[in-house]
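One structure is given below, encoded as C-alpha cells.
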Amino acid sequence: MASSLATAPAAELELLNEGANVYKLIGPVLVKQDNAEAKANIKKRIEYITAEL
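Numbering-wise (my numbering), the sequence shown opens with residue 28 and increments by one.
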C-alpha cells in the first residue's frame with residue numbers, strides 16, 4: 028500500500044510536459060518547484076519508503 032502511494036506522484040510527474048509548473052505544499056503555502064527537483068525528491072522518498080519496508 029505505501030509503495031503504491033509513493034510511486035503515484037512519480038507517475039504523475041512523468042506525464043507532465045517539461046515546461047509545466049510543479050508546486051510543493053509547505054504548510055498552508057504552495058511553493059513553485061523545478062521539475063527536476065520534484066522528480067529527485069520523489070525518487071529519494073520512494074527509496075526511503077522501500078528501505079523502511
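Glycine included, each C-beta is placed from N, C-alpha and C at the ideal position.
In this structure, Lys66 lies away from Leu42, with their beta-carbon atoms at least 8 Å apart. Following the DSSP letters along the chain, one finds Asn68 inside the alpha helix (DSSP H) bounded by residues 62-79. Assignment of Leu43 by DSSP, reduced to helix, strand and coil, places it in the coil class. Within the model, the alpha-carbon separation for Glu79 versus Pro36 is close to 19 Å. A distance below 8 Å between beta-carbons, with the five flanking residues on each side excluded, links Tyr50 to the following residues of its chain, in chain order: Leu57, Val58, Lys59, Gln60.
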